[in-house]
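In this note's numbering, the protein residues as written are 2 to 687. Idealized CB from N, CA, C, for every residue including glycine.
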Amino acid sequence: MLFEILTSEESGIDFENKIIETKEINGFNYINYNNGAGVAVADFNNDGLQDIYFLSTLGDNKLYLNKGNLHFEEISQESGSDKISGFGTGVTIVDINSDGWNDIYICLSGPYADPEMRKNKLLVNQGLNKNGIPTFREESSKYGLDIDLWSIQAAFFDYEHDGDLDMFLINSSPDMQALEFSNMEKFLHTKSKNTGDRFYENQNGLYVDISKKAGLVNNSLIMGLGLGVSDLNNDGWPDVYVCTDFLGQDALYLNNKNGTFTECSHKSLKHMTYASMGNDLADFNNDGWSDIFTCEMMAEDDYTIKISSESINSKVFKDLVNLGLQHQYRYNTLQMNNGLIPNENIPGFSDIAQLAGIPSTDWSWGPLLFDIDNDGYKDLFIHNGFRADYLHKDFNNYLTKSITKLVESGSVSPKDFLYNPLVFNIVKKMPQRKKNNYFFRNNGDLTFSKMNGVWASDILTCSNGAAYADFDNDGDMDIVVNNSEGISFIYKNNIRENGRSNYIQFRLKGSGQNPLGIGTRIIVKQANQKQVLEQYLTRGFESSVSPILHFGLGVDTIVPEVQVIWPDGKEQVITNISSNQCKDLYYKDADKIHDFSYPKPSLFTDVTNSMKLKHKHEEDMYNDYDRESLLPHKMSDLGPAMAVGDVNNDGLEDFYIGGAKGYSGKLYIQTNEDLEQQETNPGQKI
């Protein structure tokens with residue numbers, strides 16, 4: 002098989018994110034309790050090997066130093082990186098003081114009224130001690146990063162091209178019970194004090210909240226879980242995609258290049274996932290435009306679908322749309338970037354997850370798009386599993402009946418049943434939802450093939466955080482997962498050991514305040530294709546990937562041309578690079594400015610206005626499922642019928658658009674200049 006799972010004895014990794022529920026806090030009274038935590042990859046001691054930092058939900062974090070040959074040594078206590086009080090969620094890597102040593106930023110959340118328990122932490126790398134161990138000091142307050150919201154994940158990048166790194170932060174409410182489905186409009190128009198999307202500008206080393214000025218959305222429906230950064234419209238400026246769980250919609254923030262963002266999901270996307278988890282932004286089809294993949298919770302098999310609360314109430318769906326929110330569905334989405342919408346600087350996307358064969362991958366926390374088999378196309382890894390399946394219908398029925406009996410008998414008060422020990426004894430019986438992680442091979446034709454059992458053996462896990470890196474420096478990408486029910490482990494990639502494929506890797510040496518080169522775009526031009534990667538470390542779910550950029554080359558041994566576009570637009574071009582090496586790239590070598598004026602040409606031109614077509618279909622709103630709940634889809638609003646033909650024999654095609662119940666159809670006659678609407682009375686001559 003392509004991957005082998007390393008045992009603890011082989012790797013030296015024995016971390017488990019143990020989540021122990023109590024009657025005071027559990028998955029029943031705090032919906033994010035069992036979401037797990039992230040994992041971060043970076044070279045913390047600057048020896049050329051990628052190390053691993055595991056975040057724990059409530060226990061001690063662990064730092065493992067890479068000793069070579071995929072064996073790791075735990076140095077958590079000596080490094081001072083283990084004891085972080087609070088409820089750990091996401092972790093990302095940044096060189097906050099630009100000293101060449103990688104630092105760790107940790108997001109904290111939890112149902113705590115005390116803001117001290119929620120303050121995010123920044124572990125600043127102090128370099129090596131006398132034993133050669135990297136040591137850390139907590140310095141979040143020094144930089145204004147001791148933020149006391151309900152944080153899930155952060156991403157650092159230079160949003161304004163001033164050379165330093167700013168920060169985007171997503172947050173999620175701990176109290177899902179407070180969101181009343183019957184009063185969604187109230188929450189949509191109520192700003193949240195401790196949640197919502199937040200943006201912090203780096204002002205001379207101090208991070209200042211400018212969320213309102215930057216144009217970010219803030220309402221009480223936002224429960225952020227996934228955060229991705231990419232230049233989605235190819236203008237050289239970083240944009241942001243945020244996954245929002247449950248009722249609130251995902252957000253696509255387009256960088257306006259003036260210190261503000263515009264949320265443009267309604268223009269860019271036709272629909273989106275409902276309970277969005279993690280995401281990854283990458284160019285999966287090698288057309289030079291970044292695409293978006295988001296995870297949901299739809300099971301692949303019919304049995305799990307039937308026992309899970311997977312469907313959305315049709316009234317809730319309609320109410321959300323009527324409130325101005327997007328159409329949201331319980332499936333993964335692969336939003337393929339179609340380039341710019343004509344006459345606008347906004348990218349347009351088409352969801353092709355169903356076509357691509359990746360719409361349903363169970364309780365998926367995060368996706369990672371990267372080249373697993375070194376063929377030049379980005380494959381897909383999705384990590385799965387949940388240690389407390391609160392969507393299980395049979396258990397929920399049992400739970401409801403049991404609590405009702407306790408309330409009726411007077412044993413439990415209806416006001417505080419969430420924290421009653423008798424109720425907790427029932428909650429402890431909640432089943433787990435261990436699942437296989439998913440591997441998909443990119444076929445290069447907009448489809449993916451499931452490779453479970455071919456690339457890797459199936460193993461039931463609750464894998465929450467995950468990251469990729471070439472841990473043994475052999476030219477293929479390995480995977481580390483943070484498990485909350487069982488020991489975490491590494492998938493070792495053996496494609497290079499099997500003597501197949503070539504690769505090229507790049508290590509970035511960025512500018513003074515951005516030594517990791519975050520925001521850099523690299524374009525590798527081969528004879529038959531063009532690959533693009535961007536240096537953004539926050540990816541997947543609550544995790545941070547290796548800063549070494551990896552390209553699979555297939556059978557190619559020479560790369561004809563590489564374009565390196567640094568965050569401020571400076572560019573360098575390198576030609577005829579030999580494969581199978583990790584090459585250092587230096588910002589100081591960039592000697593020109595990149596030309597970003599390369600919009601993707603459209604196959605069609607919108608002539609609606611010039612043809613003077615003004616037609617809007619009016620649909621009578623009827624809920625088919627009230628009549629027949631087992632319909633596979635609605636039958637009553639499939640859209641208007643349409644017929645095309647030359648009805649007046651003038652050599653020009655005309656068309657007729659049908660109307661819904663209660664609305665007449667319309668006939669449009671084409672002239673040499675535009676379209677004319679005609680009345681369509683029975684027997685009328687044209």
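Cβ of ILE105 within 8 Å of Cβ of TYR54? Yes; because the gap between Cβ atoms is below 8 Å, this pair is in contact.
Roughly how many whole angstroms lie between the Cα atoms of PHE88 and ALA457? Whole-angstrom Cα-Cα distance: 32 Å.
For GLY377 versus GLY145, is the C-beta distance shorter than 8 Å? In terms of Cβ geometry, GLY377 and GLY145 do not form a close pair [threshold 8 Å].
Mind checking who THR576 pairs with in its DSSP beta bridge? Paired residues: GLU562.
Contact under 8 Å by Cβ, ILE496 with ASN375: Their beta carbons are under 8 Å apart, which means ILE496 touches ASN375 by this criterion.
When DSSP labels each residue in this structure, what does ALA215 get in the three-state scheme? Three-state result, ALA215: helix.
Separation of GLY225 from HIS616, as counted between CA atoms: Rounded to whole angstroms, HIS616 to GLY225 spans 38 Å at the Cα level.
For PRO561, which of LYS571, SER361, GLY570 and ASN577 has the nearest alpha-carbon? The option with the nearest alpha carbon to PRO561 is ASN577.
Grab me the residues of LEU461's own chain with a C-beta within less than 6 Å of its C-beta, minus the 5 sequence neighbours each way, in chain order. Within the same chain, LEU461 has close Cβ partners LYS435.
Assign PHE73 to one of two classes, buried (16 or more other C-beta atoms within 10 Å of its C-beta) or exposed (fewer than that). So PHE73 ends up on the buried side.
Buried versus exposed call for HIS190 [16 or more other C-beta atoms within 10 Å across all chains shown]: The residue in question, HIS190, is exposed, as its Cβ has fewer than 16 Cβ neighbours within 10 Å.
Give me the residue from ASN280, ILE566, ASN219 and THR8 with the minimum Cα distance to VAL533. Minimum Cα distance to VAL533 is reached at ILE566.
Answer with buried or exposed for ILE491, where buried requires no fewer than 16 other C-beta atoms within 10 angstroms of its C-beta. Per the 10 Å Cβ criterion, buried.
Could you tell me which of SER12, GLY39 and ILE134 sits nearest to ASP48, measuring between CA atoms? If we check each option's Cα against that of ASP48, ILE134 comes out closest.
What's the C-alpha gap between GLN51 and PRO343? Counting only the Cα atoms, PRO343 lies some 44 Å from GLN51.
Ignoring anything shorter than 3 residues or poking outside the segment 427 to 514, list the beta strand (DSSP E) runs there in chain order. Whole beta strand (DSSP E) segments, 3+ residues: 439 to 443, 449 to 451, 464 to 470, 479 to 484, 490 to 494 and 503 to 510.
With DSSP as the reference, label TYR144 as helix, strand or coil. Look at TYR144 here: in three-state DSSP terms it is helix.
Assuming contact is defined by CB atoms lying nearer than 8 Å, are ALA467 and HIS551 in contact in what I supplied? In this structure, HIS551 does not lie closer than 8 Å to ALA467 by Cβ.
Compare the beta carbon distance of SER110 and ASN33 with 8 Å and say whether it is the shorter of the two. Yes, they are a contact pair.
Can you tell me which of GLN355, ILE559, SER361 and GLY340 puts its alpha carbon nearest to the alpha carbon of ASP302? With distances taken between Cα atoms, ASP302 lies closest to SER361.
Between the beta-carbon of THR90 and the beta-carbon of ALA41, is there less than 8 Å? The criterion of a C-beta distance shorter than 8 Å is not satisfied by THR90 and ALA41.
Please tell me whether LEU270 has its Cβ less than 8 Å away from any Cβ of chain E. As a matter of chain content, chain E is missing from the structure shown, which is built from one protein chain.
How many Å lie between MET2 and SER502 at the Cα? Taking the straight line from one Cα to the other gives about 15 Å.
Run the proximity test for GLN530: is its beta-carbon closer than 7 Å to any non-hydrogen atom belonging to the ligand FMN? The ligand FMN is absent from the structure shown, which contains no ligand whatsoever.
Same chain, Cβ closer than 8 Å to GLY513, five either side skipped, listed in chain order: Closer than 8 Å at the Cβ level, and outside the excluded window around GLY513, lie SER99 and GLY164.
If you count every other CB in all the chains shown that lies within 10 Å of the CB of PRO548, and 16 or more means buried, which is it? Classification for PRO548: buried.
I think SER80 touches ASP61, with their Cβ atoms under 8 Å apart; what is that distance to the nearest whole Å? With a contact defined as Cβ atoms closer than 8 Å, SER80 and ASP61 miss out at about 12 Å.
In chain order, what residues of the same chain have a beta carbon less than 7 Å from the beta carbon of ALA38, not counting five sequence neighbours either side? Within the same chain, ALA38 has close Cβ partners ASN18, LEU56, SER57, THR58, GLY89, THR90, ASN465, GLY466, ASN483 and GLU543.
Once the 5 residues before and after LYS214 are set aside, which same chain residues still bring their CB inside 8 Å of it? The answer, listed in chain order, is GLY260 and THR261.
When the Cα of ALA354 is compared with those of ASP446, PRO422 and ASP417, which residue comes out closest? Closest in alpha carbon position to ALA354, among ASP446, PRO422 and ASP417, is ASP446.
Have a look at the DSSP bridge pairing and note the partners of PRO360. Under DSSP, PRO360 takes part in no beta bridge, so it has no partner.
Identified DSSP bridge partners for LYS584: Beta-bridge pairing links LYS584 to PHE507.
For a quick check, are the C-beta atoms of ILE689 and ASP363 less than 8 Å apart? With the chain represented from 2 up to 687, any question about residue 689 goes unanswered, as that position is not in the structure.
Where ASP15 falls: helix, strand or coil (DSSP): Coil.
Measuring straight from C-alpha to C-alpha, what distance separates ASN649 and LEU356? The straight-line gap separating the alpha-carbon atoms of ASN649 and LEU356 is approximately 40 Å.
Taking DSSP as the reference, what is the three-state secondary structure of ILE687? Its pLDDT being 49, under 50, ILE687 is placed unreliably by the model, and nothing is read from it.
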